[in-house]
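> Residue numbers (my numbering), protein chains in the order written: chain A, 2 to 175; chain B, 75 to 888.
1. Anyone know if the C-beta pair for residue 155 (chain A) and residue 141 (chain A) falls short of 8 Å?
2. For residue 224 (chain B), is the beta carbon positioned less than 7 Å from some heavy atom of the ligand NAD?
3. Under the DSSP definition of a beta bridge, which residues are partnered with residue 474 (chain B)?
4. Under 8 Å between C-beta atoms, does residue 537 (chain B) make it to chain A?
5. Closest Cβ-Cβ distance between residue 512 (chain B) and chain A: below 8 Å?
6. I'd like to know if residue 529 (chain B) contacts chain A, where contact means its C-beta is closer than 8 Å to some C-beta of that chain.
7. Can you tell me which of the three DSSP states residue 773 (chain B) falls into?
8. Got a sec, what are the start and stop residues for the beta strand (DSSP E) residue 154 (chain A) sits in?
9. Do the region 203-222 of chain B and the region 281-294 of chain B touch if we need at least three Cβ pairs shorter than 8 Å?
10. Should residue 111 (chain A) go down as buried or exposed, given a rule of 16 or more other Cβ atoms within 10 Å for buried?
11. DSSP three-state call for residue 10 (chain A): helix, strand or coil?
12. Could you name each continuous alpha helix (DSSP H) segment of 4 residues or more that falls completely within the region 259-332 of chain B, going from the start of the chain to the end?
13. Which residues, in chain order, does the region 71-82 of chain A contribute to contact with chain B at a C-beta distance below 9 Å?
14. Exposed or buried, residue 417 (chain B), counting other C-beta atoms within 10 Å across all chains shown (16 or more means buried)?
15. Which first and last residues belong to the alpha helix (DSSP H) in which residue 534 (chain B) is found?
16. Note down, in chain order, every chain B residue with its Cβ under 9 Å from the Cβ of residue 113 (chain A).
17. Short of 7 Å in beta carbon distance, which residues of its chain neighbour residue 167 (chain A), apart from the five on each side in sequence? Order them along the chain.
18. Can you name the residues that DSSP bridges to residue 335 (chain B)?
19. Quick check: the Cα distance between residue 58 (chain B) and residue 429 (chain B), rounded to an integer number of angstroms?
20. Looking only at C-alpha atoms, which of B:271, B:427, B:411 sits nearest to residue 334 (chain B)?
21. Run through DSSP, which three-state label would residue 446 (chain B) get?
22. Within 10 Å of its beta-carbon, does residue 413 (chain B) have 16 or more other beta-carbons around it, so buried, or fewer, so exposed?
23. Using a Cβ-Cβ cut-off of 7 Å (strictly less than) and excluding sequence neighbours within five positions of residue 319 (chain B), which residues of its own chain qualify?
24. Label residue 512 (chain B) either buried or exposed according to how many other C-beta atoms from any shown protein chain fall within 10 Å of its C-beta, with 16 as the threshold for buried.
25. Which residue comes first and which comes last in the beta strand (DSSP E) that contains residue 513 (chain B)?
26. Just the Cα atoms here: how many angstroms apart are residue 117 (chain A) and residue 470 (chain B)?
27. Does DSSP put residue 431 (chain B) in a helix, a strand or coil?
28. Rounded C-beta distance between residue 506 (chain B) and residue 478 (chain B)? I'm assuming under 8 Å.
29. Please list, in chain order, the chain A residues whose beta carbon lies closer than 9 Å to that of residue 460 (chain B).
30. Hey, how far is the Cα of residue 557 (chain B) from the Cα of residue 550 (chain B)?
31. If the cut is a Cβ gap below 9 Å, which residues of chain A does residue 545 (chain B) touch?
32. Skipping 5 residues on each side, what residues in its chain have a beta carbon closer than 6 Å to that of residue 440 (chain B)?
33. DSSP three-state call for residue 224 (chain B): helix, strand or coil?
34. Between the Cα of residue 74 (chain A) and the Cα atoms of A:4, A:42, A:152, A:150, which residue gives the shortest distance?
35. Using a Cβ-Cβ cutoff of less than 8 Å, which residues in the same chain neighbour residue 103 (chain A) once the five nearest sequence positions on both sides are dropped?
36. Could you please give the first and the last residue of the uninterrupted alpha helix (DSSP H) stretch that includes residue 205 (chain B)?
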């Protein structure tokens, strides 16, 4: 699920960036540092939408670096257990398939794939049933049943065994 | 007193509870209590004599002491006479008229049960040591005689004696005791040896010549042996202690308590050849080793000309195959063994053993769970926070969370709100309970140390997707516990962790991609090939801590945690001139493979040299991947996909490939196109204007692409589901395309605004195409290439453009 939240971060800036464009430098650095990263608590930071507040900079002893506490608004994405979302299949193997919904990777084990879907190996391994097939680049709607949050990564296990879940869009037929 | 004593004897004979004796035998009690007790307990006594004497007792109540002595005197002659008919449970003529008396007294007896005050007095201190002492046999009690018996038939002998005493009333023995732990003897209780001999006459198992008396002091010791209850029952798991099958798991199919034998079902360890030889009479050398366990195939047996006889077991009615004196059914061997040769406590069947056992003919997991539930919960240990399920008792099927665990008891907080805070259960009544999506860690068994998420619960077996290796493991529920820990270290051995770069004993190096118990899977440092070696701890020399730097194809300094073009991933290691790269998408070897440093290109490199060393290295890299390679074809959509894949980093490409270039010389001068392939000095370019791929020399193209039209990029950008992957992939990189100019800081902490502003670098930067692909970057690139004098403005514009641009990016994501 996406959230638009305010986060805070202490940014360190090298003195060479001081000057007229200090703030811009700071903001750029912030963006570069933060966008695309993932924290266990908030999820993936998708984009920074705005800077709320830049606090007073504090010069660190010993080095010339200055620390600015920056409050910024950003859009984050965090998967939750029980959430239903669409994802794109990236890899299929006999244990299940991997799908990606944005930055998060979801693994659907073959135990959680309906029994009428059989695995077919080959050039394009897929799970297929009379309705459609799940292969690389097909879109599926799945439900997250468990998330594992590392420090820098979130990994999920999903299922398509419930109602209204499963393949949405078949790349072969589309 | 006498009467009390006699009553005691009666109690012993009938083997009733001793509680009632206690009351009578407490001489030290006060008169008042004694009186009360006497009257209350007398109601319990099921003997005729008491009934007859009740009148006398009532008279004596006031004069307790005297009453005692009087009883003694008066009761003495009645003793012998009254002993005989006193078998209230056995109908005799004497008892007929006492039936109503019995009925009355039973009513009184159970009526008095409801009177608590009598009870409290009487039963409060029923088993004090003093009372027990008073119960000890004295010289007037029947003695215990030790009689020699045939081994294995002690119980039988005791039962025979019992039957005999029922049939014949003149048998003067009081009881017969057969102890399980004492073989070859039974005890008979009688007043005289002659009685014993008389009783043993005619019984084959007992030897009347070998009778010994048990000394008075030792009589109590005979019966006070504490032995573990023999709880072998059908379908329990046991292990053999002796013989060829020593240590093997077996299942009990039949229990013979009389003879202390059990019939067990085993996986046979039979060498058919040896058996054939033996039966044929051929001389054979007895092999020293034990043949491996394997189910018997009747066809095979017949082939070897071993006689197979089909027999019907009289007890169970099932058909067996009898081969060389051994009974087989369904491939299993059924053997009768004595209880001494098996061990039935704490049997932990391992997964393989159970599988071997249950596979033929039985659906595995259902029976797994049943068989496990039957005997295995003793070994479960619970910890705080475990989810448990109550499996027996009134609160069966209630779920709860463990709050506290003591030795035998666990306090549970139930899921149901109405119940009190914590309930206490015996640990045998509980079993661990997991749901899909739980993150667990295996704490015992072969998979110890593995962590993962539960994907399926099948009875007592959990299917877990391991964190480290992304594969499925099956474990029993009682071996795991809930934990949020993600394993990366070996159990106990903290030196080498997952993804460590280590130096091996043979001076090669590699990365640990998997820790499997004690074995380390190491991806060795050979480029192009994925060589995995499984090593033990001692084979690993040391961990390589120092992460040096090396140069990539374009002499860019690559160090740890940089992203190389080959792969997109959070980090990579490098050593010497080899780089081990982590690919998140490729889970084959834990996501690592090794390539030559020269074959990589730093993503967002500072600059790209004009001369490209080496040829296309993606062929080498691609071979390592397990993903299907979609061949690059002239078709536009595929190119796009190609590029997209490339952008997500899964393809290995040269720095130029995929970039938009402008052809400056030659026939196609002025056209723009995308680089598809590079072969030595020539470059294949897909022209934008025509749906063609042309080959031009490397020198004829210029990487400096000033203007890109949104039209060109939109289709790339607008590809439905792919965009999020692409965008997010690029988002994931530390340097996003929006900040192309700041790409260098990815490597250095310092930020080189001026350096990045240099047009030369910028134009070669591979990121430029990324950034272009991600968003219309028309103005941006051009501004970037302007004079260094205006970097700030351009940056400012870039920043604002970023912010403005972000929403459109997000719109594309589903």
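Every residue gets a Cβ at the ideal spot worked out from N, C-alpha and C, and that includes glycine.
Since the model is a prediction, treat every value here as computed from it, not as a measurement.
To lay it out plainly:
1. As a first step, residue 155 (chain A) must be located in the first chain, where it is residue number 154. As a first step, residue 141 (chain A) must be located in the first chain, where it is residue number 140. No, the Cβ-Cβ distance between residue 155 (chain A) and residue 141 (chain A) is not below 8 Å.
2. For the structure depicted, the ligand NAD is absent and the ligand set is empty, with no information on it obtainable.
3. The residue labelled residue 474 (chain B) in the question sits at position 400 within the second chain. B:462, B:488, per the DSSP bridge assignment.
4. Within the second chain, residue 537 (chain B) is the residue found at index 463, counting from 1. Residue contact check for residue 537 (chain B) against chain A: a CB pair falls below 8 Å.
5. Within the second chain, numbered from 1, the residue matching residue 512 (chain B) stands at position 438. By this cut-off, residue 512 (chain B) is an interface position.
6. Here residue 529 (chain B) refers to the residue found at position 455 when the second chain is read from its first residue. It does: the Cβ of residue 529 (chain B) has a partner Cβ on chain A nearer than 8 Å.
7. In the second chain, residue 773 (chain B) corresponds to position 699, counting from 1. Looking at residue 773 (chain B) - three-state DSSP - the assignment turns out to be helix.
8. The sequence position of residue 154 (chain A) within the first chain is 153, counting from 1. Careful: residue 154 (chain A) lies outside any beta strand (DSSP E) and carries neither H nor E.
9. yes
10. Start at 1 with the first residue of the first chain, and residue 111 (chain A) comes out as number 110. Buried.
11. Translated into the one-based positions of the first chain, residue 10 (chain A) becomes position 9. In this structure, residue 10 (chain A) counts as strand in the three-state DSSP scheme.
12. Taken in chain order, the complete alpha helix (DSSP H) segments of 4 or more residues contained in the region 259-332 of chain B are 267-274, 290-297.
13. Cβ contacts with chain B: 76, 78, 82.
14. Residue mapping note: residue 417 (chain B) aligns to position 343 of the second chain, counting from 1. Per the 10 Å Cβ criterion, exposed.
15. Counted from its first residue, the second chain places residue 534 (chain B) at position 460. First-last for residue 534 (chain B): undefined, no H or E at that position.
16. Position 112 of the first chain, counted from the start, is the residue given in the question as residue 113 (chain A). Chain B residues near residue 113 (chain A): 510, 529, 530.
17. Position 166 of the first chain, counted from the first residue, corresponds to residue 167 (chain A). Cβ within range, chain order: 141, 142, 161.
18. On the second chain, residue 335 (chain B) is found 261 positions in, with the first residue counted as 1. According to DSSP, which records beta bridges pairwise, residue 335 (chain B) is partnered with B:330, B:412.
19. Since the first residue shown for chain B is 75 and the last is 888, residue 58 (chain B) is missing from the structure and cannot be characterised.
20. Start at 1 with the first residue of the second chain, and residue 334 (chain B) comes out as number 260. Among B:271, B:427, B:411, the Cα nearest to that of residue 334 (chain B) is on B:411.
21. As a first step, residue 446 (chain B) is located in the second chain; it is residue number 372 there, counting from the start. Any reading at residue 446 (chain B) is ruled out, since the residue's pLDDT is 43, under 50, leaving its predicted position unreliable.
22. Looking up residue 413 (chain B) in the second chain gives position 339. Residue 413 (chain B) is buried by the Cβ-count criterion.
23. As a first step, residue 319 (chain B) is located in the second chain; it is residue number 245 there, counting from the start. Only 340, 343 meet the Cβ criterion.
24. For the purposes of this step, residue 512 (chain B) is identified with residue 438 of the second chain, where counting begins at 1. Flag for residue 512 (chain B) reads buried.
25. As a position in the second chain, residue 513 (chain B) is number 439, starting the count at 1. Here the beta strand (DSSP E) through residue 513 (chain B) covers 513-516.
26. The residue labelled residue 117 (chain A) in the question sits at position 116 within the first chain. The residue labelled residue 470 (chain B) in the question sits at position 396 within the second chain. Going by the C-alpha atoms only, they are around 35 Å apart.
27. Taking the second chain and counting its residues from 1, one reaches residue 431 (chain B) at position 357. Residue state, collapsed to three classes: helix.
28. As a working mapping, residue 506 (chain B) is identified with position 432 in the second chain. As a working mapping, residue 478 (chain B) is identified with position 404 in the second chain. Going by Cβ atoms, the distance from residue 506 (chain B) to residue 478 (chain B) rounds to 16 Å, so no, they are not a contact pair.
29. Residue 460 (chain B) sits at position 386 when you count from the first residue of the second chain. Chain A residues near residue 460 (chain B): none, gap ~17 Å exceeds 9 Å.
30. For the purposes of this step, residue 557 (chain B) is taken as the residue at position 483 of the second chain. For the purposes of this step, residue 550 (chain B) is taken as the residue at position 476 of the second chain. The alpha-carbon atoms of residue 557 (chain B) and residue 550 (chain B) are separated by roughly 16 Å.
31. Here residue 545 (chain B) refers to the residue found at position 471 of the second chain. Per Cβ cutoff of 9 Å: 96.
32. To locate residue 440 (chain B), count along the second chain from 1; it is residue 366. Model confidence at residue 440 (chain B) stands at a pLDDT of 38, short of 50, so the residue's coordinates are unreliable and nothing is read from them.
33. Taking the first residue of the second chain as 1, we reach residue 224 (chain B) at position 150. In this structure, residue 224 (chain B) counts as coil in the three-state DSSP scheme.
34. The residue you call residue 74 (chain A) lines up with position 73 of the first chain. Comparing Cα-Cα distances from residue 74 (chain A) to each of A:4, A:42, A:152, A:150, the minimum goes to A:4.
35. Here residue 103 (chain A) corresponds to residue number 102 of the first chain, with the count starting at 1. The residues are 45, 47, 78.
36. Walking along the second chain from the start, residue 205 (chain B) turns up at place 131. Element bounds for residue 205 (chain B): 203-209.
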